[in-house]
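Notes for the one structure printed next.
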Amino acid sequence: MLSGCDDIKCRPHSGDGSIGSLSALDSARGRVISLKASKGIDVSGFRSTESVLLLPREGVPEIAIRGGLWRPLDRLLVLVPQDRFELRLAPGTKVMILRPDVGALGDWIAQSSDQCLTVLEAIIDCYLERLPFVRGDEQARQLTNRFFDTLATPWTPRKAAVCSERNLDRRLQRVVEKIMQDPAWEFDLKELASYAGVSERNLYYLMKRETGITPYRFYQRARLTRVRERLVDCQCEVPHISWYAADEGFSHLGRFAAMYREHFGELPSETVQWRRNLLRRSVASAEELVET
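So in the UniProt record's numbering, spot 51 of the sequence shown is number 51, and the numbers just go up one at a time.
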C-alpha cells in the first residue's frame, strides 16, 4: 500500500465511487503521505514501528487514538509506535502523515513541548513550500531526506532558525496560482510576467533564484501532475495515457514518458499498472468481506 500500512481500511460515510486521493513520497529516511477526502470517510489500520507526525492541511480532521473518543486534529500531533489511530475526514479535508524510517528520529520528539511543536510545524511548512519546485524524483527524495534529518536533531531554542528559506515572494505566489488554478491557460512568459507585475527577464531570474526552476519548467511540471492525477483517478477500465498527455499539450509520447519518469520516478505505464493492482486487491478484499 502507498501508506505503508498493509491493513489500512477506508470506510465511506455514504455512497460509492471515488472517496479521495492518497499520494506518497518515499525516501531513505522516511515517507511523506498526503491524504485528501472528496467525501466523508473513516480511515483505520494506521500503526508504525516509529513515531508518526500528523499535520492537518485543509479542514479539521478528527482522530481517535487507541480506540478512544474522536477529537479534532487541529495542529501538529506526534504519536508514539503504540498509538494505533483512526482518522475521520469530512469532504475536502486534507492531512499530512509523516512516517520516519526506523531510527530516523530520536526519542526526544515524542515528548515535544508546545514550543517545540510550533517550530516543527514551521520546518514542515518550509519543506512543503519547497517541494513543488523540485526538478524531479531524485531531487524530491534528497529534499525529503534532508527534511527528516532536520526533524531528527534535538530541539533547542535556536532550532527555529534551521529553516532559513523565506516565504515565497508574493510575485511568484501569483505565478504559481495562475499556473496551478488555470489548467486551460497556455504558457506565455510575457503574459505571466505582466500578471506578476515584473518584466519577463526579472520573472525568469527571480523564479530561478528563489525556486531553482524556470517558469516554463514549473508550468511543465503542473501539466505532468495533472496527467498523473487523471491516470490515478480514472474510473475507466484502461486509462488512455496518450489521450491525457495530448490534452495537456504533450504531442510526443516518447518525450512525455521520459519527462514523466524523471519527475515521478516511474513510467506512465507503471502508474497504470500499480493502479490496476490496487483495484484488483480492493475487489478481492470486498469479495472476502461478502463471503464472511
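Note that the Cβ used here is the ideal one computed from N, Cα and C, for glycine as well.
To the nearest angstrom, how far is the alpha carbon of residue i from that of residue j?
i: Asp101; j: Gly30; result: 4 Å
i: Met259; j: Val175; result: 22 Å
i: Asp149; j: Ala24; result: 18 Å
i: Asp74; j: Arg99; result: 19 Å
i: Gly20; j: Gln273; result: 19 Å
i: Arg84; j: Ala37; result: 21 Å
i: Phe147; j: Ile124; result: 8 Å
i: Ile241; j: Pro268; result: 7 Å
i: Pro239; j: Leu253; result: 15 Å
i: Trp243; j: Glu191; result: 28 Å
i: Asn202; j: Ala193; result: 8 Å
i: Gln82; j: Leu143; result: 29 Å
i: Arg261; j: Tyr127; result: 22 Å
i: Thr97; j: Leu76; result: Reading the sequence as shown, one finds Ile at residue 97 and not Thr. Answer to the nearest angstrom: the Cα atoms are 10 Å apart.
i: Ala64; j: Arg135; result: 38 Å
i: Leu224; j: Ile213; result: 15 Å
i: Ala245; j: Gln181; result: 18 Å
i: Ser14; j: Leu131; result: 34 Å
i: Val32; j: Cys116; result: 20 Å
i: Lys9; j: Asn277; result: 16 Å
i: Glu129; j: Asp114; result: 22 Å
i: residue 293; j: Arg275; result: There is no way to answer for residue 293, as the model of the chain reaches only from 1 to 292.
i: Gly249; j: Phe133; result: 20 Å
i: Glu200; j: Glu177; result: 17 Å
i: Leu168; j: Phe264; result: 24 Å
i: Gly40; j: Asn145; result: 33 Å
i: Ser3; j: Leu120; result: Because the pLDDT of Ser3 is 46, which lies under 50, any placement of that residue in the model is unreliable, and the question is left without a value.
i: Asp42; j: Gly67; result: 13 Å
i: Val198; j: Gln139; result: 29 Å
i: Ile231; j: Val78; result: Reading off the sequence, residue 231 comes out as Leu, not Ile. Near 33 Å, if we compare the C-alpha coordinates of Val78 and Leu231.
i: Ala257; j: Glu270; result: 11 Å
i: Leu22; j: Asp247; result: 23 Å
i: Ala152; j: Ala122; result: 15 Å
i: Arg47; j: Thr118; result: 24 Å
Applying the criterion that 16 or more other CB atoms from any shown protein chain within 10 Å of the CB defines a buried residue, is residue i buried or exposed?
i: Leu172; result: buried
i: Thr49; result: exposed
i: Arg11; result: exposed
i: Pro215; result: buried
i: Leu69; result: exposed
i: Thr211; result: buried
i: Arg170; result: exposed
i: Val80; result: exposed
i: Val60; result: exposed
i: Arg88; result: buried
i: Ser51; result: buried
Just checking my contact of residue i with residue j at CB under 8 Å: how many whole Å lie between their CB atoms?
i: Pro72; j: Glu86; result: The pair is not a contact, with the Cβ atoms about 14 Å apart (cut-off 8 Å).
i: Glu141; j: Ser27; result: According to the sequence displayed, residue 141 carries Arg and not Glu. Confirmed, Cβ separation roughly 4 Å.
i: Pro183; j: Arg226; result: 6 Å
DSSP beta-bridge partners for residue i?
i: Leu117; result: Per DSSP, none; premise fails for Leu117.
i: residue 298; result: The chain is shown from 1 up to 292; residue 298 falls before or after that span and cannot be answered.
i: Glu58; result: Lys94
i: Pro100; result: Gly30
i: Lys36; result: Ser21 and Lys94
i: Arg71; result: Ile63
i: Leu77; result: Leu54
Quick one: is the Cβ of residue i within less than 8 Å of any heavy atom of the ligand ATP?
i: Asp74; result: For the ligand ATP, the structure offers nothing, since it holds no ligand at all.
Exercise for review: Could you tell me whether the region 212 to 223 touches the region 169 to 188, using the rule of 3 or more Cβ pairs below 8 Å?
Suggested key: In this structure the region 212 to 223 touches the region 169 to 188; the number of beta carbon pairs closer than 8 Å is three or more.
Practice item. Please confirm if the region 76 to 95 is in contact with the region 50 to 62, defined as three or more CB-CB distances below 8 Å between the two stretches. Key: Yes: at least three Cβ pairs fall under 8 Å.
Review point. Any contact of the region 228 to 240 with the region 204 to 211, i.e. 3+ C-beta pairs under 8 Å?
Key: Cβ pair count under 8 Å is below three, so no.
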